[in-house]
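To keep things clear, I will list the structure first and then write my remarks on it.
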Amino acid sequence: MGSRNKEIGLSSYDGKSVVKVCVDNNEAVNSEEEEQHYMKNIADLTYDEIWGLEFDSEREVVQFYCLYARVKGFFARKDEIGRDCKGAINMRQIVCNREGSRNKKHNLRMDRLRDPRPLTRTKCGAKFRVHFDHKSQNWKVVSFVDTHNHELTPPDSVHLIPGYRTLNDGDKAQINSFHLHGVQTSHIFGLMVGQKGDHSSLGFCKKDLYNHINRKNRARIEDGDAFAALCYLQAKADNDPMYFLKFTTSTDGRLQHLFWADGCNRVNYECFGDVITFDTTYKKNKYNRPLVIFCGYNHHGETTIFGFALVADESTETYKWVLETFSEAMFGKHPNGVVTDGDHAMREAVRDVFPNTSHRLCAWHIQKNAAENVKNKHFLEEFKHLIYSSMSIDEFEDEWKKIIEKYGLVENKWMRKMYKMKSMWASTYMRDHFFGGIRTTSVCEGINSFIKRYVKNKSSLVDLMHNLERALKQYRHNELNNANNIGSGMKNIMDEDVIPTECSAKVVKGDDRECQAVYIPNPTTIPPPMMKTSFTSLLQNLHNLGKTGDPGHVKESPSGVENIF
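For the sequence shown, full-length UniProt numbering gives the first residue as 1, with consecutive numbering after it.
Spelled out as structure tokens, the structure:
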């Protein structure tokens, strides 16, 4: 090949291109015959032609044989080198990557915890050796063995050989961006295959993609997962003067409980924290620790988040710490109402920390438990009526007595337990308490479902923090979008002229709450000057009721319609 060799870029070679082994940008080929000779495809080079090759540098030697190996269906690696008296390299040998054998000591290990990896060394004898000729100042082939003791990889599978799989800087940057914004790893791979056209053009496989993401995650938490998570939260606090962060450690110095809320969370609670709901059903992190999410509804009837806590267990003492810390973060303000899933430890903690707060048990969980304890669909329908109907106390007691006698549940332990707790789940006993239309913990469950888009089963703490932050930003964007939609147009409210002149009942249904009967008084009982204002206000409240399901009461007064919420 001599001094006219052209360097070959391996990354762009597709295994089919013709290699110009003699043409240089600054030199012409002496004859047409010589040009045809050097334009041969590497795959077509004969054994004798390879023996006659010469190279300008050691680098060209390595490039050529690695390219030759890819065309033939194997991977090459550098092996022996020789040096002259001055220490300069004058011999280079490149071999098939299956040359040699695995050290026997690895097969005889007694402390092995998992099965050994498949053997990849087969003592293959294929090699390519060159020597630097001082007379011609070129590298000449002195040994070439083209016989392998293993099967070569077919051309359509060469891209799967580990040595040829690699992620370039552009691929890594794109993968990191997708991963940062919550795209699942399997979806990232599909997107990148689509961009490249096919798998062979991608340059790596799904395993390489997963390994890259895992290495990146490990590097980010090399100083300790908990420490990395706390550093992330502290960095957020440095840029937010209202950020609240508190945690405890165990006797051995491990992170035990963690609570955090940013300035926006705290402001939202000040504005919309009359009723909160929280649960700990979400445990999607590598430590299986419960994640507590405090949330409620904002002025658009949309979910708003007040804070997060990551705890070690679900004991009463733990919940007391969480609620006390929550109260501390929210400037000592206690909510008027709390809705939970009925966990005993949670009930005890709410009673001790928020003694003046009305506590409601999730209606959905009550129904679920009823179905598990009493296998009768007719009973379930009547029990559901007890949960949601706003009957009088006497009517409730009569209905309860009829049901337990009708279905033979007088001695049922679960029914006895629920009767003792009736003031925490029956609408009859909750009518004088404000809950903003919230009767279930579905708000939290909706958040949990939303977060599943971002958080994976084996998420580390620092990943969990990043993913929760993304979910929080999405919720705040939704609120901003709703505010913009409301500001850009007025809602269509029924005109006063179409109001019926007789008192009628309108049924309004909330998102996940039961229907509420709201009575519209006879317009003739309202003084004419107040009629337009009163009915406009009433209809607006009815419209809002349809969105929030808040059981407001409307009554007549001498001066018009008074709304009591």
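Cβ atoms here follow ideal geometry from the backbone N, Cα and C, with glycine treated the same way.
- Per DSSP, reduced to three states, the secondary structure at Asn373 is helical.
- Pro290 counts as buried, since no fewer than 16 other beta carbons sit within 10 angstroms of its beta carbon.
- Counting only the Cα atoms, Ile213 lies some 8 Å from His179.
- Of Phe396, Leu113 and Leu209, the smallest CA-CA separation from Tyr419 is found for Phe396.
- For Phe278, the closest C-alpha among the options His359, Ser177, Ala43 and Val95 is that of His359.
- Bounds of any beta strand (DSSP E) do not take in Asp341, whose DSSP letter is neither H nor E.
- A Cβ-Cβ separation of about 5 Å places Val71 in contact with Ile42 under the 8 Å criterion.
- Only residues of its own chain outside the window of five on either side were considered, and among them Lys127 and Arg129 have a CB closer than 7 Å to the CB of Ser143, listed in chain order.
- Between Glu479 and Ala426, the alpha-carbon positions lie close to 32 Å from each other.
- Met242 and Gly273 do not touch by the CB rule: their CB atoms are close to 15 Å apart, not below 8 Å.
- 9 Å or more divides the Cβ of Val339 from the Cβ of Arg431.
- Beta-bridge annotation (DSSP): Trp139 is paired with Phe55 and Phe132.
- Shown here, Glu302 sits in coil according to DSSP, grouped into three states, outside any helix or strand.
- Cβ contact annotation for Lys140 (same chain, cutoff 7 Å, sequence separation greater than five): Glu54, Val130, His131 and Asp133, in chain order.
- Closest by C-alpha distance to Ile161, out of Phe244, Thr122, Ala76 and Ser101, is Ala76.
- Considering only Lys417, Gly73 and Tyr407, the residue with the shortest C-alpha distance to Leu380 is Tyr407.
- In the three-state reduction of the DSSP assignment, Thr251 falls in the coil class.
- The three-state reading of DSSP puts Met91 in strand, counting E and B together.
- Taken through DSSP and simplified to helix, strand or coil, Gly307 comes out as strand.
- Between the stretch 247–267 and the stretch 349–364 there are fewer than three C-beta pairs closer than 8 Å, too few to call the two in contact.
- Leu361 carries a strand assignment under DSSP once its states are collapsed to helix, strand and coil.
- Judged by DSSP secondary structure, Cys295 falls within the beta strand (DSSP E) whose first and last residues are Leu291 to Tyr297.
- Here Leu152 is exposed, its C-beta having fewer than 16 other C-beta atoms within 10 Å.
- In the three-state reduction of the DSSP assignment, Glu99 falls in the coil class.
- In terms of Cα proximity to Gly436, the closest of Ile366, Glu302, Asn211 and Gly87 is Glu302.
- Look at Gln256 here: in three-state DSSP terms it is strand.
- Contact between the stretch 237–253 and the stretch 194–208 is not established, with fewer than three Cβ pairs separated by less than 8 Å.
- Boundaries of the alpha helix (DSSP H) around Asp238: Asp225 to Asp238.
- Apart from sequence neighbours up to five positions away, the residues of its chain that approach Lys384 with a beta-carbon distance below 7 Å are Gln367, ordered along the chain.
- Using a Cβ distance threshold of 9 Å, Thr185 and Leu209 count as a contacting pair.
- Taking all protein chains in view, the Cβ of Ile293 is crowded by 16 or more other Cβ atoms within 10 Å, so the residue is classified as buried.
- Contact between Trp260 and Phe326 is absent: CB atoms are separated by about 11 Å, not below the 8 Å threshold.
- In this structure, the straight-line span from the alpha carbon of Leu233 to that of Leu464 is close to 11 Å.
- Leaving aside the five residues that flank Gly125 on each side, the residues in its chain whose CB is nearer than 6 Å to its CB run, in chain order, Val145.
- DSSP links Val322 through a beta bridge to no other residue.
- DSSP, read as helix, strand or coil, puts Val410 in coil.
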